[in-house]
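Undergrad:
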Amino acid sequence: MEVKVLFFGVLAEVSGTSVKHYRDVKSINDLKLRINDDFPEIVHYNFRISINSEITDNNLLLKSGDEVAFLPPFAGG
Amino acid sequence: MEVKVLFFGVLAEVSGTSVKHYRDVKSINDLKLRINDDFPEIVHYNFRISINSEITDNNLLLKSGDEVAFLPPFAGG
Amino acid sequence: MEVNYLTEGPVSQKLISRLIEKTGLKTDSGGHMIFLGQVRADEIKGKKVKAIEYSAYKELVNAEAEKIKKTILSEFSEVKSISIIHSTGIVKAGEISLLVFVSAGHRHQAMQACSKTVELIKENLPVWKKEIFEDDSHIWK
Amino acid sequence: MEVNYLTEGPVSQKLISRLIEKTGLKTDSGGHMIFLGQVRADEIKGKKVKAIEYSAYKELVNAEAEKIKKTILSEFSEVKSISIIHSTGIVKAGEISLLVFVSAGHRHQAMQACSKTVELIKENLPVWKKEIFEDDSHIWK
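Read top to bottom, the protein sequences are chains F, G, W and U. Residue numbers for the first sequence follow the working numbering, beginning at 512 and rising by one. Residue numbers for the second sequence follow the working numbering, beginning at 512 and rising by one. Residue numbers for the third sequence follow the working numbering, beginning at 5 and rising by one. Residue numbers for the fourth sequence follow the working numbering, beginning at 5 and rising by one.
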């Protein structure tokens, strides 16, 4: 299975990319660990997570094709 | 001496004119009496008075050339 | 310099656009709040309003509008500019009869100052309106 | 029908004018409140902001903007229409990056609903900004 991960705002800068694919991640927590390994700096930033354009604070299970986004605090206007 | 009297809004309709000159009126109260004589209907309406573009609630004395206005409640916007 | 706060007929799209175009000239403003008052085709006792005829005491309007601007500028330290334009004469239903345009450093002051300016106009500007119905009868408001 | 809440680059004068021109079509509106957010040439530690680069999560912007409109329409019964347009990409100092346009039967609801819409946008719209200084360095906000 594979999920698509989007990075926004400063997190796109920290990760050096705005989109990255991850295989064999079972849950949000699983994905977070993988991302911490890839981009250790990310631990310094606040962010929320959305799955398929729905923001969630829970450690949901992931399925193939899910779109997970890492969202820094919003700063529109 | 002569003063210029302006009627606005519904009071221009009641008096049938927007401007009228009055001679030999000593004070606001004096003028009000004269206007009540000319337009008895005016007693049914609320209004405030300005002298030379300055709103006042006092019975001020009038001098020649003064501009007195009869102002119904404002309804701008 | 005497500013003219009154315009004959509706506040035109052109006039509004011209004010909006000027926003870019000041790069210290972060928010603009624009209120447009529009003549409603209200139905009163079965009759529909087709227009409002506004009349105003011009000299007093100018004096009161200046006072309103001073009040707002002293109360809201971040307000950079305030424009007030009110119609006189006939304004048809659907047309704009009042514009208030406030620019400020940050949004909250722009919003609050704009709302307060509109309230002060309603209270203090010597303007009167005659609602004209489709059958040409009228009432004073 | 999908509404697009995002525009590439600044919110243009043309777009604003087009929205204002439409006000006359609805004769049951008595007040329009328009908020324009503008990029300020702020000075931060001696460096001047020349532009902001906005990025957005488009799908989520659309979902959140729809939610905001529903919230406002259910809270303010007299609100007739709400337009929201936010910039993405580069917006220079002095240019407009956010437009909120609320029309309502009476002025108080137009004012309150417009202010609340702007607050909800600030809280809930997934948009990010990078302030770019005159020396091309930047900070994230």
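Ideal Cβ positions, reconstructed from N, Cα and C, are used throughout, including at glycine.
Taking the straight line between their C-alpha atoms, what separation do you get for His-555(G) and Ser-59(W)?
TA: The residue you call residue 555(G) lines up with position 44 of the second sequence. The residue you call residue 59(W) lines up with position 55 of the third sequence. One C-alpha to the other measures close to 21 Å.
Undergrad: Closer than 8 Å between beta carbons: that is the criterion. Which residues of the segment 108-128 of chain W meet it against chain G?
TA: Per Cβ criterion, the list reads Val-122, Ile-125, Lys-126, Glu-127, Asn-128.
Undergrad: Indicate whether Leu-124(U) and Ile-86(U) have their beta-carbon atoms separated by less than 8 Å.
TA: Along the fourth sequence, one-based indexing puts residue 124(U) at 120. Along the fourth sequence, one-based indexing puts residue 86(U) at 82. Not closer than 8 Å, so no.
Undergrad: Within this structure, are the beta carbons of Ile-76(U) and Ile-20(W) separated by less than 8 Å?
TA: Within the fourth sequence, numbered from 1, the residue matching residue 76(U) stands at position 72. Within the third sequence, numbered from 1, the residue matching residue 20(W) stands at position 16. Their beta carbons are not under 8 Å apart, which means Ile-76(U) does not touch Ile-20(W) by this criterion.
Undergrad: In angstroms, rounded to a whole number, what distance separates the CA positions of Ile-94(W) and Gly-587(F)?
TA: Within the third sequence, residue 94(W) is the residue found at index 90, counting from 1. Within the first sequence, residue 587(F) is the residue found at index 76, counting from 1. Roughly 41 Å separates the two Cα atoms.
Undergrad: Who pairs with Thr-27(W) in a beta bridge, going by DSSP?
TA: Counted from its first residue, the third sequence places residue 27(W) at position 23. Answer by DSSP bridge pairing: none, since Thr-27(W) is not bridged.
Undergrad: Would you tell me roughly how many angstroms separate the C-alpha atoms of Ile-566(G) and Glu-565(F), rounded to the nearest one?
TA: Indexing the second sequence from 1 puts residue 566(G) at position 55. Indexing the first sequence from 1 puts residue 565(F) at position 54. Approximately 60 Å between the Cα atoms of the pair.
Undergrad: So, does the CB of Gly-576(G) fall closer than 8 Å to a CB anywhere in chain W?
TA: Along the second sequence, read from residue 1 onward, the residue named residue 576(G) stands at position 65. Chain W contact via Cβ: absent.
Undergrad: With DSSP as the reference, label Lys-49(W) as helix, strand or coil.
TA: In the third sequence, counting from the first residue as 1, residue 49(W) sits at position 45. In the structure shown, Lys-49(W) sits in coil (DSSP, three-state: anything other than H, G, I, E or B).
Undergrad: Helix, strand or coil for Met-5(U) per DSSP?
TA: Working through the fourth sequence from its first residue, we reach residue 5(U) at position 1. Reliability of the predicted coordinates at Met-5(U) is poor, the pLDDT of 43 falling under 50, and no value is obtained from them.
Undergrad: Taking Cβ positions only, does Lys-73(W) come closer than 8 Å to chain G?
TA: Sequence index remark: in the third sequence, residue 73(W) carries index 69 (1-based). Lys-73(W) does not count as touching chain G.
Undergrad: Ile-20(U) CB to nearest chain W CB: under 8 Å?
TA: Counted from its first residue, the fourth sequence places residue 20(U) at position 16. Yes, Ile-20(U) lies at the interface with chain W (some Cβ there is under 8 Å from its Cβ).
Undergrad: Listed in chain order, which residues of the segment 41-58 of chain W have Cβ atoms closer than 7 Å to some Cβ of chain G?
TA: Going along the segment 41-58 of chain W in chain order, one finds Gly-41 with a Cβ nearer than 7 Å to chain G.
Undergrad: With a threshold of 6 Å on Cβ separation, who are the neighbours of Met-5(W) within its own chain once the five nearest residues in sequence on each side are excluded?
TA: Along the third sequence, one-based indexing puts residue 5(W) at 1. Confidence is the limiting factor: at Met-5(W) the pLDDT is only 43, short of 50, which leaves the residue's position unreliable, though a coordinate-based value still follows. None.
Undergrad: To be precise: take each residue of the segment 547-563 of chain G, compare its Cβ to all Cβ atoms of chain W, and keep it if any distance is under 7 Å. Which residues remain?
TA: Hits within the stretch, in order: Ser-561.
Undergrad: Based on the DSSP secondary-structure assignment, which residues constitute the bridge partners of Gln-42(W)?
TA: Here residue 42(W) refers to the residue found at position 38 when the third sequence is read from its first residue. Its beta-bridge partners are Ile-100(W).
Undergrad: At a Cβ threshold of 8 Å, is Phe-585(G) touching chain W?
TA: Translated into positions along the second sequence, residue 585(G) becomes position 74. It does: the Cβ of Phe-585(G) has a partner Cβ on chain W nearer than 8 Å.
Undergrad: Give the C-beta separation of Pro-130(W) and Phe-585(G) to the nearest angstrom, bearing in mind that I take them to be a contact with Cβ-Cβ under 8 Å.
TA: By one-based count along the third sequence, residue 130(W) stands at place 126. By one-based count along the second sequence, residue 585(G) stands at place 74. Confirmed, about 6 Å.
Undergrad: Between Leu-542(F) and chain U, is the shortest Cβ-Cβ distance under 8 Å, so that the two count as touching?
TA: As a position in the first sequence, residue 542(F) is number 31, starting the count at 1. So no, Leu-542(F) is outside the interface.
Undergrad: For the beta strand (DSSP E) holding Thr-567(F), just list the boundary residues, first then last.
TA: Your numbering for residue 567(F) matches position 56 in the first sequence. Here the beta strand (DSSP E) through Thr-567(F) covers 565-567.
Undergrad: How many Å lie between Val-122(W) and Tyr-9(W) at the Cα?
TA: Within the third sequence, numbered from 1, the residue matching residue 122(W) stands at position 118. Within the third sequence, numbered from 1, the residue matching residue 9(W) stands at position 5. C-alpha separation (whole angstroms): 13 Å.
Undergrad: Would you grab the beta carbon distance between Lys-18(U) and Glu-138(U) for me? Rounded to a whole angstrom, and I think it's under 8 Å.
TA: Counting from one through the fourth sequence, the residue named residue 18(U) turns up at place 14. Counting from one through the fourth sequence, the residue named residue 138(U) turns up at place 134. Contact flag wrong, Cβ pair sits at about 28 Å.
Undergrad: Using a Cβ cut-off of 9 Å, pull out every chain U residue sitting near Leu-582(F), in sequence order please.
TA: On the first sequence, position 71 is the one that residue 582(F) refers to. Within chain U, the residues near Leu-582(F) are Tyr-61, Leu-64, Pro-130, Trp-132.
Undergrad: Name the DSSP bridge partner or partners of Met-37(U)?
TA: Numbered from its first residue, the fourth sequence carries residue 37(U) at position 33. Met-37(U) pairs with Phe-39(W), Val-106(U).
Undergrad: When you compare the CB positions of Glu-99(W) and Gln-42(W), do they come within less than 8 Å of one another, or not?
TA: As a working mapping, residue 99(W) is identified with position 95 in the third sequence. As a working mapping, residue 42(W) is identified with position 38 in the third sequence. Yes, the Cβ-Cβ distance between Glu-99(W) and Gln-42(W) is below 8 Å.
Undergrad: Using 8 Å as the cut-off, can you tell me whether the segment 568-575 of chain F makes contact with the segment 34-53 of chain U, which would need three or more C-beta pairs spanning the two stretches below that distance?
TA: Contact between the segment 568-575 of chain F and the segment 34-53 of chain U is absent, because fewer than three Cβ pairs lie under 8 Å.
Undergrad: Report the residues of the segment 23-36 of chain U with a CB closer than 8 Å to any CB of chain W, ordered along the chain.
TA: Those would be Ile-24, Glu-25, Thr-27, Gly-28, Leu-29, Lys-30, Thr-31, Asp-32, Ser-33, Gly-34, Gly-35, His-36, in chain order.
Undergrad: At a CB-CB cut-off below 7 Å, which residues of chain G make contact with Ala-1(W)?
TA: Nothing can be reported for residue 1(W), as the shown portion of chain W is limited to 5 through 145.
Undergrad: Express the C-alpha separation of Trp-132(W) and Leu-103(U) in angstroms, rounding to a whole number.
TA: Your numbering for residue 103(U) matches position 99 in the fourth sequence. Your numbering for residue 132(W) matches position 128 in the third sequence. Straight-line Cα distance between these residues: approximately 32 Å.
Undergrad: Within a Cβ cutoff of 8 Å, which residues of the same chain sit near Leu-542(G), ignoring the five residues on either side of it in sequence?
TA: Sequence index remark: in the second sequence, residue 542(G) carries index 31 (1-based). Within the same chain, Leu-542(G) has close Cβ partners Val-514, Val-516, Tyr-533, Val-536, Leu-573, Val-579.
Undergrad: Exposed or buried, which one is Asn-540(F) when buried takes at least 16 other CB atoms within 10 Å?
TA: Walking along the first sequence from the start, residue 540(F) turns up at place 29. Under this definition Asn-540(F) is an exposed residue.
Undergrad: Bridge partners of Tyr-533(F), per DSSP?
TA: Here residue 533(F) refers to the residue found at position 22 of the first sequence. In DSSP, Tyr-533(F) forms a bridge with Val-514(F).
Undergrad: Is it the case that the CB of Lys-84(U) approaches a heavy atom of the ligand NAP more closely than 7 Å?
TA: Annotation note on the ligand NAP: not contained in the displayed structure, which lists no ligands.
Undergrad: Look at the Cβ atom of Pro-583(G), then the Cβ atom of Leu-522(G), and state whether they are nearer than 8 Å.
TA: The residue labelled residue 583(G) in the question sits at position 72 within the second sequence. The residue labelled residue 522(G) in the question sits at position 11 within the second sequence. Result yes, Cβ atoms of Pro-583(G) and Leu-522(G) sit closer than 8 Å.
Undergrad: Straight-line CA distance for Asn-128(U) to Ser-119(W)?
TA: In the fourth sequence, residue 128(U) corresponds to position 124, counting from 1. In the third sequence, residue 119(W) corresponds to position 115, counting from 1. Whole-angstrom Cα-Cα distance: 24 Å.
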